[in-house]
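Trainee:
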Amino acid sequence: MTIGSSMSSGYCSLDEDLEDCFFTAKTSFFRSAPSKGPAKNVTKAVEEKPEPPTVEEIKQKIEKYNARVTNCLLMKLSDDGTYTGFIKVHLKLRRPVTVPAGIRPQSIYDALKEKLPLTEFPLYLRLLAGPDTDVLSFVLKENETGEVEWDAFSIPELQNFLMILDKEEKDKIQQVKRKYEKFKQRLQQSLKEAGDKPG
533 MTIGSSMSSG YCSLDEDLED CFFTAKTSFF RSAPSKGPAK NVTKAVEEKP EPPTVEEIKQ
593 KIEKYNARVT NCLLMKLSDD GTYTGFIKVH LKLRRPVTVP AGIRPQSIYD ALKEKLPLTE
653 FPLYLRLLAG PDTDVLSFVL KENETGEVEW DAFSIPELQN FLMILDKEEK DKIQQVKRKY
713 EKFKQRLQQS LKEAGDKPG
C-alpha cells in the first residue's frame, strides 16, 4: 500500500518573524499491486514495513482527533478514503527577502510550485500526534548551515541578487540620512529657542 499526500491551499500573515500558516491538506491511501516474493534461491533479508492503517482505523483516529480540537480546524474523511485537514506551519525567517515588483526570476516560481516529497506525510503525522502543537510542530526555516551555494544560481539570478542588495543599501542610506537630517533640524531648533531665551 502506498500513501500519497499533497497541499491544496493555504494562507498566512506576514506580520512577524515567526509566522503561523495554516495549510489545508489532503491525503489518500491507494493500494498498489502486491509485489512478488523473492526468488527461491535468493537469501536476502527483507525489511518488515508497518502496515498502513485501514479506512476504519483512519476514521477512528479522525474522530479521536476532532474530539480534542479546540479550534475549528477539523479533519474530514471522504467516502473514497481520502481525508482533509489543516496543518499549522511556523515560518522561521532570519530576515525578510524583498523582491521588486515586476518580472520574477524563474527560481521563485519553482520554489512556489515545490511540493513535499512523497515520503513526507504531514497530515498523517498531525493525525497521529493530535492537535497539540507542543507534541508535534512543523517549522519551515532557512538553511541553517550559513553557507550559500552560489554555484546553484545562474548568472542572471546572481546579478539580480546584486541589484536587490544595491537597492536595499541605497534605501537604508537614505533612511539614515533622513533620520539624522530631522534630528539635526530639531537640535538646531532647540539651540535657537535656547539662545532666544534670556538667561
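Just remember that the numbering used here sits 532 ahead of the position in the sequence shown, which is counted from 1.
Positions of the beta carbon are idealized from the N, C-alpha and C atoms, including for glycine.
No experiment lies behind these values; they were computed from the predicted model shown.
1. Do the CB positions of Ile619 and Arg658 come within less than 8 Å of each other?
2. Any idea if Tyr656 is buried or exposed, counting beta-carbon neighbours within 10 angstroms, 16 or more meaning buried?
3. Report the residue ranges of all alpha helix (DSSP H) runs contained in full by the segment 647 to 672; include only those spanning at least 4 residues, in chain order.
4. At which residues does the alpha helix (DSSP H) containing Phe715 begin and terminate?
5. Measuring straight from C-alpha to C-alpha, what distance separates Leu672 and Phe693?
6. Apart from the five residues just before and just after Arg600, which ones in its own chain have a Cβ nearer than 8 Å to its Cβ?
7. List the DSSP bridge partners of Leu609.
8. Using the rule of at least 16 other Cβ atoms within 10 Å of the residue's Cβ for burial, across every protein chain shown, is Ile705 buried or exposed?
9. Since I believe Thr616 is in contact with Lys608 (beta carbons under 8 Å), could you give me their beta-carbon distance rounded to a whole number of angstroms?
10. In the DSSP assignment, find the alpha helix (DSSP H) that holds Asn598 and state where it starts and stops.
11. Would you kindly check if the distance between the Cβ of Phe670 and the Cβ of His622 is under 8 Å?
12. Leaving out five residues on either side along the sequence, give the residues of the same chain with a beta carbon under 7 Å from the beta carbon of Ile590.
13. Which value, in whole angstroms, describes the spacing of the CA atoms of Phe715 and Pro730?
14. Does the beta-carbon of Tyr712 have 16 or more other beta-carbons within 10 angstroms, so that it is buried, or is it exposed?
15. Could you say which of Val680, Pro654 and Glu700 lies nearest to Leu668 if we only look at CA atoms?
16. What's the gap between the Cα of Lys709 and the Cα of Lys702?
17. Which residue from Asp666, Leu697, Leu660 and Gln691 puts its Cα closest to that of Asn598?
18. When DSSP labels each residue in this structure, what does Glu681 get in the three-state scheme?
Mentor: Once the coordinates are examined:
1. Along the sequence shown, read from residue 1 onward, the residue named residue 619 stands at position 87. Along the sequence shown, read from residue 1 onward, the residue named residue 658 stands at position 126. A contact, by the Cβ cut-off of 8 Å.
2. Along the sequence shown, one-based indexing puts residue 656 at 124. Looking at its Cβ environment, which holds 16 or more other Cβ atoms inside 10 Å, Tyr656 is buried.
3. 654 to 661
4. As a position in the sequence shown, residue 715 is number 183, starting the count at 1. Taken as a continuous stretch (DSSP letters only), the alpha helix (DSSP H) holding Phe715 covers Ile687 to Asp728.
5. For this step, residue 672 is matched to residue 140 along the sequence shown. For this step, residue 693 is matched to residue 161 along the sequence shown. Using only the alpha carbons, I get a separation of about 22 Å.
6. Sequence index remark: in the sequence shown, residue 600 carries index 68 (1-based). Gly662, Pro663 and Asp664.
7. Against the sequence shown, residue 609 aligns to sequence position 77. Per DSSP, Tyr615.
8. As a first step, residue 705 is located in the sequence shown; it is residue number 173 there, counting from the start. Per the 10 Å Cβ criterion, exposed.
9. Against the sequence shown, residue 608 aligns to sequence position 76. Against the sequence shown, residue 616 aligns to sequence position 84. Contact flag correct, Cβ pair sits at about 5 Å.
10. Translated into positions along the sequence shown, residue 598 becomes position 66. Unbroken alpha helix (DSSP H) run through Asn598: Val587 to Arg600.
11. Counting from one through the sequence shown, the residue named residue 622 turns up at place 90. Counting from one through the sequence shown, the residue named residue 670 turns up at place 138. In contact: His622 and Phe670 (Cβ atoms closer than 8 Å).
12. In the sequence shown, the residue the question calls residue 590 occupies position 58. Excluding residues within five positions, the ones whose Cβ falls inside 7 Å are Leu609 and Tyr615.
13. Indexing the sequence shown from 1 puts residue 715 at position 183. Indexing the sequence shown from 1 puts residue 730 at position 198. One C-alpha to the other measures close to 25 Å.
14. Counting from one through the sequence shown, the residue named residue 712 turns up at place 180. Exposed.
15. Here residue 668 refers to the residue found at position 136 of the sequence shown. Closest option to Leu668, Cα to Cα, is Pro654.
16. By one-based count along the sequence shown, residue 709 stands at place 177. By one-based count along the sequence shown, residue 702 stands at place 170. Between Lys709 and Lys702, the C-alpha separation is close to 11 Å.
17. Here residue 598 corresponds to residue number 66 of the sequence shown, with the count starting at 1. The candidate whose alpha carbon is nearest that of Asn598 is Leu660.
18. Position 149 of the sequence shown, counting from 1, holds the residue named residue 681. In this structure, Glu681 counts as coil in the three-state DSSP scheme.
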